[in-house]
């Protein structure tokens, strides 16, 4: 199915405008109706472009037909500037499947492969995707941490700035995810003093001055959500995200897409835990899921305005 039939757009115009005006497009992961609705409502209410990100495991959880039904139900127009993106596609086949389902953007993650193998895989996906005007993101460098069963690594390696030009030219990708110290999950730093490798980002930006760069594993891990979860029976300790000041600094240096997943998970969980604890006799899912949805909505608005800088950019 053609993504344009859903009212979706690819990311090319989004990124061009973000680079020109020094802001980032939020890429928020979703997993069900509540998380999707919260993201779309926040983007609409802030007049922000948005990328709806779906991992392979989330796609399996929702199911292809239900996912397409939810996207269809949004009644989007291309003027809404919404892209549907496969996050961390693990194979050529998974990217092809997403394109056939109506995704307007795909990420092929060959970051753990040797350089030449990563190039070959990304090039194969690009050659297929560009036939359908679908954007392609690839990754150089490896992020540590765990996002889900398909996105995890026990080690990390920074992106080598000397490789980026050759990689982009050889693959013809539309955006490049880089590793400069971010990581998947809620445990991104051992101390509050750790900083991203802005020296690497500066070097990459010089090598690719007008090319869209992407930060994965860039959730800020709002501590009020962690506190709420723990107050109402959770056990999350030493969770640290990327400082907002560092994310905003990165946006000024060609980072035009920031992926956010853990923040939404924490927001959703905090709302559910608090509601179910305070209302132990309430077994109406609309109430506790609604509280989780409200938290995600408010957090997305906060990050759109205060991290991405993408409010009122449509």
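Residue numbers (this note's numbering): 1 to 314. Ideal placement from N, C-alpha and C gives every residue a C-beta, glycine not left out.
Could you give the DSSP three-state label for residue 308: helix, strand or coil? helix
Can you tell me whether residue 314 is helix, strand or coil according to DSSP? coil
Which class does residue 74 belong to by DSSP, given the choice of helix, strand or coil? coil
Other residues of its chain near residue 294: CB distance less than 8 Å, five sequence neighbours each side excluded: 38 and 271
Kindly indicate which three-state DSSP category residue 8 falls into: helix, strand or coil? coil
Check whether the region 41-49 and the region 125-140 touch, using three or more Cβ-Cβ pairs below 8 Å as the test. no
For residue 309, which residues from the same chain have a beta carbon less than 8 Å from its beta carbon, with the 5 sequence-adjacent residues on both sides left out? 22, 23, 24, 248 and 251
Would you identify the three-state DSSP class for residue 273, choosing helix, strand or coil? helix
The region 265-281 touching the region 1-17, judged by at least three CB pairs closer than 8 Å: no
Could you check which residue in 59, 103 and 129 has the C-alpha nearest to that of residue 82? 103
Could you have a look at residue 146 and say whether DSSP puts it in helix, strand or coil? Caution applies to residue 146, whose pLDDT of 46 falls short of 50 and renders its modelled position unreliable; the value that the coordinates give is listed next. Residue 146 falls in the strand class under three-state DSSP.
Does the region 45-60 come close enough to the region 277-291 that 3 or more CB-CB pairs lie under 8 Å? no
At the level of alpha carbons, what is the spacing between residue 202 and residue 212? 13 Å
Cβ neighbours of residue 345 in the same chain (closer than 8 Å, five flanking residues each side left out): Here the chain comprises residues numbered 1 to 314, so residue 345 is not present and cannot be evaluated.
Quick check: the region 165-181 against the region 116-134, are at least 3 beta-carbon pairs closer than 8 Å? yes
Which residues share a DSSP beta bridge with residue 86? 54 and 106
Out of 108, 76 and 93, which has the shortest C-alpha to C-alpha gap to residue 85? 108
Assign residue 312 to one of two classes, buried (16 or more other C-beta atoms within 10 Å of its C-beta) or exposed (fewer than that). exposed
Rounded separation between residue 64 and residue 5 - CA only: 16 Å
What would DSSP say about residue 154, mapped onto helix, strand or coil? Bear in mind that a pLDDT of 45 at residue 154, under 50, signals an unreliable position, so the number given afterwards is only what the model happens to contain. Note: residue 154 maps to coil in three-state DSSP.
Considering only DSSP beta bridges, list what residue 257 is partnered with. 25 and 214
Could you give the distance in angstroms between the alpha-carbon of residue 146 and the alpha-carbon of residue 79? Legend: pLDDT at residue 146 = 46, less than 50; position of this residue unreliable, value from coordinates given subsequently. A direct Cα-to-Cα measurement between residue 146 and residue 79 gives close to 35 Å.
Cut-off 7 Å between Cβ atoms - residues of its own chain near residue 168, not counting five sequence neighbours on either side: 176, 208 and 211
Might you give, ordered along the chain, the residues of its own chain that have their beta carbon closer than 8 Å to the beta carbon of residue 165, omitting 5 neighbours on each side? 207 and 208
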